Ligand code: 1GP
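Numbering (this note's numbering), first residue to last: 83 to 323.
Here is the structure:
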């Protein structure tokens with residue numbers, strides 16, 4: 083079950099079907115020791131592009147799940163599917179309507195045991211996802227803590243995802259969510275560009291997500307895996323490929 087497996091993820095890479103990644107870079111990412119690769123994006127996500135990227139990732143043994151933001155782009159047969167639910171979205175489309183349409187369209191074919199919702203709180207108003215969802219980002223740590231309580235106790239979501247996409251997050255906000263949650267898994271994503279940043283976030287969040295850096299500096303992206311392992315008191319061999 084993806085709900086259970088995601089509890090073991092400390093570091094994940096998020097790869098965007100709409101961006102170009104060389105074979106060498108993809109291989110290094112998949113062999114990096116990360117716990118999983120999430121395939122998903124906000125712009126220009128099509129079935130063809132998603133399928134092509136996923137087929138390339140499936141050449142490796144790393145766990146690969148799809149984050150479904152466009153229902154037409156769903157690729158069958160994967161390890162898992164994550165459905166974002168943007169808790170602070172300004173439009174119901176991103177909270178319930180898109181999910182309703184997807185479930186209506188796919189009906190009985192949805193592998194529920196391998197499908198989980200991710201409760202997003204989008205915190206960067208300038209990000210593409212922030213603009214698209216019209217998220218209410220003027221939040222303080224108490225707001226974020228309340229979302230964590232709601233996600234866990236009202237909605238029974240398996241995970242809350244603090245999404246700073248493109249910008250490094252405020253540690254107080256991450257800490258507030260981390261303190262408020264109990265069994266809920268806390269994902270953090272946004273703006274990680276160095277090993278030390280990954281390490282700091284891994285001390286506050288359960289799962290650290292690295293996206294953009296993969297396309298900017300693959301060497302630095304690989305170092306974030308080591309940063310997260312170091313936060314756990316582990317070390318992995320330097321990647322010299
Ligand atoms: C994006 O949270 C992820 O959905 C990762 O953010 O691209 O800024 O690393 P970055």
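We put the CB at the ideal spot given by N, CA and C, even for glycine. The structure presented is a predicted model; accordingly, all values stated were derived computationally and were not measured.
Contact between the segment 158-168 and the segment 198-207 is present: three or more C-beta pairs spanning the two stretches fall below 8 Å.
Under DSSP, residue 267 takes part in a beta bridge, and its partners are 241. Residue burial annotation: residue 315 is exposed, with fewer than 16 other C-beta atoms found within 10 angstroms of its C-beta. The shortest C-alpha to C-alpha distance from residue 107 to any of 211, 300 and 313 is the one to 300.
For residue 136, the enclosing alpha helix (DSSP H) begins and ends at 129-139. For residue 186, the enclosing alpha helix (DSSP H) starts and ends at 179-188. Residue 211 and residue 317 have their C-alpha atoms roughly 34 Å apart. For residue 295, the CB falls within less than 7 Å of some heavy atom of the ligand 1GP. Shortest gap from the CB of residue 216 to any heavy atom of the ligand 1GP: 7 Å or more.
Taking residue 153 as the centre and dropping the five residues before and after it, the same chain places the C-beta of 180, 183, 184, 187 and 188 closer than 8 Å to its C-beta, in chain order.
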